[in-house]
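Peer 1: Sharing a structure, written as structure tokens. Questions coming.
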Amino acid sequence: MQASVTPHAELRPETPDRLLAVRALTEALAAPLSDADATVQSMPDASPAKWHLAHTSWFFETFVLRDVPRYRTFDPAFSYLFNSYYEAEGPRHARVHRGLITRPSLERVLAYREHVTEALADAWPALSPAARELVELGCQHEEQHQELLLTDALKPAMWERGRAPPLSLATSAWIEGRSGLVDIGHAPPGFAFDCETPRHAVYLAPHALASRLVSNADWDAFIADGGYREPRHWLSDGWAWVQREGIEAPLYWDAEGSQFGLDGLRPRDPAAPVTHISLFEADAYASWAGARLPTEAEWESAAAALDPATGQFLDGPGAVRPHGHGLFGATRPHEPIRPSAQTCSPGSAPSAAPSPHAGSTIAAGPSCSSRSPR
Ligand SMILES: [Fe+2]
19 MQASVTPHAE LRPETPDRLL AVRALTEALA APLSDADATV QSMPDASPAK WHLAHTSWFF
79 ETFVLRDVPR YRTFDPAFSY LFNSYYEAEG PRHARVHRGL ITRPSLERVL AYREHVTEAL
139 ADAWPALSPA ARELVELGCQ HEEQHQELLL TDALKPAMWE RGRAPPLSLA TSAWIEGRSG
199 LVDIGHAPPG FAFDCETPRH AVYLAPHALA SRLVSNADWD AFIADGGYRE PRHWLSDGWA
259 WVQREGIEAP LYWDAEGSQF GLDGLRPRDP AAPVTHISLF EADAYASWAG ARLPTEAEWE
319 SAAAALDPAT GQFLDGPGAV RPHGHGLFGA TRPHEPIRPS AQTCSPGSAP SAAPSPHAGS
379 TIAAGPSCSS RSPR
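In the working numbering, the protein residues as written are 19 to 392.
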């Protein structure tokens, strides 16, 4: 099994290199899993690793290979098992019961993958431009499932603990975003999902974005200041969730200062970006910090100014860990790296730093109107 792949490298369009790289990375991500690991389903909304492995192959088989002369369907029963929600492709196994698919085995699913990958590679020279676009769609789809495969993984560590050099915590500053009429959405050429088009104009009120992500140290301060015990920071449903579930910290944090990840339990790095928080928690933090969450349009407008080719990608198997900078490009002092969960309210003057005290006089923005009664 290939363990080092480069799906984002410059690949020649006249060859199926990108396809082969994407397929190999999916298999490398699943390599640490046993048949049992790959079969269980962590929750009704998640899918077993085996299902991700098979479904991404079903996609290519259904939308590309069935139009290839002399292609032999691997197993007709797989269409029922591994169709996700494509109504036109017939009935399918319910998602909530995907964890009951004990057969085919992981070994047979991997054989299915090999069958499909080889058929695509063999067919590649004769594929029409339209069919190659479908292959690209299949690659983008499979990359989405790579992300799901990692987020759906169960608690046992998938990889040995890797070396994680401590990060340094940069001072956060406010960076003014573009305002007025701004174009967002996909600008051809290049791949885009249908929900990313058409390109259109939106109006952005004056705002500013924090220059770095919210860190574990920032979150410790939120907790120490009673962030999880103060209803005025929370949306009504969020506060109900905190009360009902007894939420006191991000998922996978423990009281001893450790955090679970794909490489097991390890000490939390204060400078690392906080992870595994819900929208309710992010919104409450922003409220506590005297700010609000950025809108999608504000966020996209800032991200579009960066070079996506130098961002942080899933280029190989192993424990995935955001490093807090370079998500969209290398660290550049006077440009936004990635907007964090902090944005000044429209019309408010940005403060020098996103501290709860400096920002406490900023009026709540429109998104804060439905918070719990104070
Ligand atoms: Fe899918």
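Ideal Cβ placement from N, Cα and C applies to all residues, glycine included.
Just how far apart, CA to CA, sit Thr33 and Trp259?
Peer 2: Taking the sequence shown and counting its residues from 1, the one referred to as residue 33 is at position 15. Taking the sequence shown and counting its residues from 1, the one referred to as residue 259 is at position 241. For Thr33 and Trp259, the gap between their C-alpha atoms comes out near 50 angstroms.
Peer 1: Are the CB atoms of Arg116 and Gln59 nearer to each other than 8 angstroms?
Peer 2: The residue given as residue 116 occupies position 98 in the sequence shown. The residue given as residue 59 occupies position 41 in the sequence shown. Taking the C-beta atoms as reference points, Gln59 is found nearer than 8 angstroms to Arg116.
Peer 1: On the three-pair Cβ rule with 8 angstroms, is the stretch 72-85 touching the stretch 48-55?
Peer 2: no
Peer 1: Quick one: measure Cβ to Cβ for Leu47 and Leu167, integer angstroms, because I've assumed they're closer than 8 angstroms.
Peer 2: Locating residue 47 in the sequence shown gives position 29, where the first residue counts as 1. Locating residue 167 in the sequence shown gives position 149, where the first residue counts as 1. About 6 angstroms separates the two Cβ atoms, so the contact holds.
Peer 1: I want to know whether the stretch 187-207 touches the stretch 313-325 - three or more CB-CB distances under 8 angstroms.
Peer 2: yes
Peer 1: In the DSSP assignment, the alpha helix (DSSP H) including Asp236 goes from what residue to what residue?
Peer 2: Taking the first residue of the sequence shown as position 1, residue 236 is located at position 218. It spans Asn234 to Ala242 - the alpha helix (DSSP H) in which Asp236 sits, taken as one unbroken run.
Peer 1: Below 7 angstroms, is the gap between the Cβ of Ser102 and the nearest heavy atom of ligand 1?
Peer 2: As a position in the sequence shown, residue 102 is number 84, starting the count at 1. Result yes, Cβ under 7 angstroms from ligand 1.
Peer 1: Under 6 angstroms Cβ to Cβ from Pro357, same chain only, skipping five residues before and after it: list those, please.
Peer 2: The residue you call residue 357 lines up with position 339 of the sequence shown. Unreliable placement is indicated for Pro357, whose pLDDT of 39 sits below 50; no coordinate value is reported for it.
Peer 1: Pick from Val134, His133, Phe96 and Tyr130: whose alpha carbon is nearest that of Ile119?
Peer 2: As a position in the sequence shown, residue 119 is number 101, starting the count at 1. Among Val134, His133, Phe96 and Tyr130, the Cα nearest to that of Ile119 is on Phe96.
Peer 1: Considering only DSSP beta bridges, list what Ala148 is partnered with.
Peer 2: Here the question's residue 148 lines up with position 130 in the sequence shown. Paired residues: none, contrary to the question.
Peer 1: Would you call the stretch 227-240 in contact with the stretch 286-304, where contact means no fewer than 3 C-beta pairs closer than 8 angstroms?
Peer 2: yes
Peer 1: Taking just the CA atoms, how far does Ala42 sit from Cys362?
Peer 2: If you number the sequence shown from 1, residue 362 lands on position 344. If you number the sequence shown from 1, residue 42 lands on position 24. Residue confidence is low: Cys362 scores 35 on pLDDT, short of 50, so the model does not pin down where it sits. No coordinate-derived value is stated.
Peer 1: Quick one: using the 10 Å Cβ neighbour count with 16 as the cut-off for buried, is Pro229 buried or exposed?
Peer 2: The residue given as residue 229 occupies position 211 in the sequence shown. Correcting the residue type first, residue 229 is Ser in the shown sequence and not Pro. By the Cβ-count criterion, Ser229 is buried, with 16 or more other Cβ atoms from all chains shown falling within 10 Å of its own Cβ.
Peer 1: Is His159 near ligand 1 - that is, is its Cβ less than 7 angstroms away from at least one heavy atom of it?
Peer 2: Start at 1 with the first residue of the sequence shown, and residue 159 comes out as number 141. Correct: His159 has its Cβ closer than 7 angstroms to ligand 1.
Peer 1: Can you check the stretch 241-295 for any beta strand (DSSP E) of at least 3 residues that lies completely inside it and give the ranges in chain order?
Peer 2: 276-279 and 282-285
Peer 1: Using three-state DSSP, classify Ala226 as helix, strand or coil.
Peer 2: For this step, residue 226 is matched to residue 208 along the sequence shown. Three-state result, Ala226: strand.
Peer 1: Buried or exposed: Val232, going by 16 or more other Cβ atoms within 10 Å of its Cβ?
Peer 2: For the purposes of this step, residue 232 is taken as residue 214 along the sequence shown, with counting starting at 1. Counting Cβ neighbours within 10 Å, Val232 comes out buried, since at least 16 surround it.
Peer 1: Candidates Trp177, Asp140 and Ala315: which alpha carbon is nearest Phe278's?
Peer 2: Counting from one through the sequence shown, the residue named residue 278 turns up at place 260. Phe278 has its Cα closest to that of Trp177, out of Trp177, Asp140 and Ala315.
Peer 1: Please confirm whether any heavy atom of ligand 1 lies closer than 7 angstroms to the CB of His294.
Peer 2: The residue labelled residue 294 in the question sits at position 276 within the sequence shown. Every heavy atom of ligand 1 is 7 angstroms or more from the Cβ of His294, so no.
Peer 1: Is the separation between the beta-carbon of Val114 and that of Lys68 shorter than 8 angstroms?
Peer 2: Within the sequence shown, residue 114 is the residue found at index 96, counting from 1. Within the sequence shown, residue 68 is the residue found at index 50, counting from 1. For Val114 and Lys68, no; Cβs fall outside 8 angstroms.
Peer 1: Less than 8 angstroms between the CB atoms is what I'm expecting for Phe209 and Glu154, so what's the real figure, rounded?
Peer 2: Mapped onto the sequence shown, residue 209 falls at position 191. Mapped onto the sequence shown, residue 154 falls at position 136. Right, their Cβ atoms sit about 6 angstroms apart.
Peer 1: Between Leu38 and Ala309, what straight-line distance do the alpha-carbon atoms span, to the nearest angstrom?
Peer 2: Numbered from its first residue, the sequence shown carries residue 38 at position 20. Numbered from its first residue, the sequence shown carries residue 309 at position 291. Cα to Cα, Leu38 sits roughly 45 angstroms from Ala309.
Peer 1: Within its chain, find whatever has a CB closer than 8 angstroms to the CB of Ala290; leave out the 5 residues flanking it on each side and keep chain order.
Peer 2: Here residue 290 corresponds to residue number 272 of the sequence shown, with the count starting at 1. Once the five neighbours on either side are set aside, the close Cβ partners of Ala290 are Leu185, Ser233, Asn234, Arg339, Pro340, His341 and Gly342.
Peer 1: Return the bridge partner residues of Glu194 from the DSSP annotation.
Peer 2: The residue given as residue 194 occupies position 176 in the sequence shown. According to DSSP, Glu194 bridges with Ala226.
Peer 1: Whose C-alpha, out of Asp333, Tyr104 and Gly245, is nearest the C-alpha of Trp306?
Peer 2: Position 288 of the sequence shown, counted from the first residue, corresponds to residue 306. Distances from the CA of Trp306 to each of Asp333, Tyr104 and Gly245 were compared; the closest alpha carbon is that of Gly245.
Peer 1: For Ala48, does the three-state DSSP call read helix, strand or coil?
Peer 2: For this step, residue 48 is matched to residue 30 along the sequence shown. Shown here, Ala48 sits in a helix according to DSSP, grouped into three states.
Peer 1: Relative to ligand 1, is the shortest distance from any of its heavy atoms to the C-beta of His111 smaller than 7 angstroms?
Peer 2: Counted from its first residue, the sequence shown places residue 111 at position 93. Every heavy atom of ligand 1 is 7 angstroms or more from the Cβ of His111, so no.
Peer 1: Take Leu187 as the anchor and find which of Phe331, Ala49 and Asp287 has the nearest alpha-carbon.
Peer 2: Reading the sequence shown from its first residue, position 169 is the one you call residue 187. Answer by Cα proximity: Asp287.
Peer 1: What would DSSP say about Arg310, mapped onto helix, strand or coil?
Peer 2: By one-based count along the sequence shown, residue 310 stands at place 292. In the structure shown, Arg310 sits in a strand (DSSP, three-state: E or B).
Peer 1: Would you call the CB atoms of Phe92 and Glu79 closer than 8 angstroms?
Peer 2: Position 74 of the sequence shown, counted from the start, is the residue given in the question as residue 92. Position 61 of the sequence shown, counted from the start, is the residue given in the question as residue 79. Contact: yes.
Peer 1: Find the nearest neighbour of Asn101 within the set Tyr89, Ala64, Leu124 and Thr74, judged by alpha-carbon distance.
Peer 2: Position 83 of the sequence shown, counted from the start, is the residue given in the question as residue 101. For the residues Tyr89, Ala64, Leu124 and Thr74, the minimum Cα distance to Asn101 belongs to Thr74.
Peer 1: Suppose the cutoff is 7 angstroms on Cβ atoms and the five residues either side in sequence are ignored; what does the same chain contact list for Ala359 look like?
Peer 2: The count along the sequence shown starts at 1 and reaches residue 359 at position 341. Only weak support exists for where Ala359 lies, its pLDDT of 40 falling under 50; the value from the coordinates is given anyway. These residues qualify, in order along the chain: Val232, Ala300, Tyr303, Ala304 and Leu311.
Peer 1: Sort Pro183, Trp76 and Asp201 by Cα distance to Val134 and report the nearest one.
Peer 2: Against the sequence shown, residue 134 aligns to sequence position 116. For the residues Pro183, Trp76 and Asp201, the minimum Cα distance to Val134 belongs to Trp76.
Peer 1: When the Cα atoms are used, what is the spatial distance from Thr189 to Gln261?
Peer 2: As a working note, residue 189 is residue 171 in the sequence shown. As a working note, residue 261 is residue 243 in the sequence shown. Their backbone Cα atoms lie some 33 angstroms apart in a straight line.
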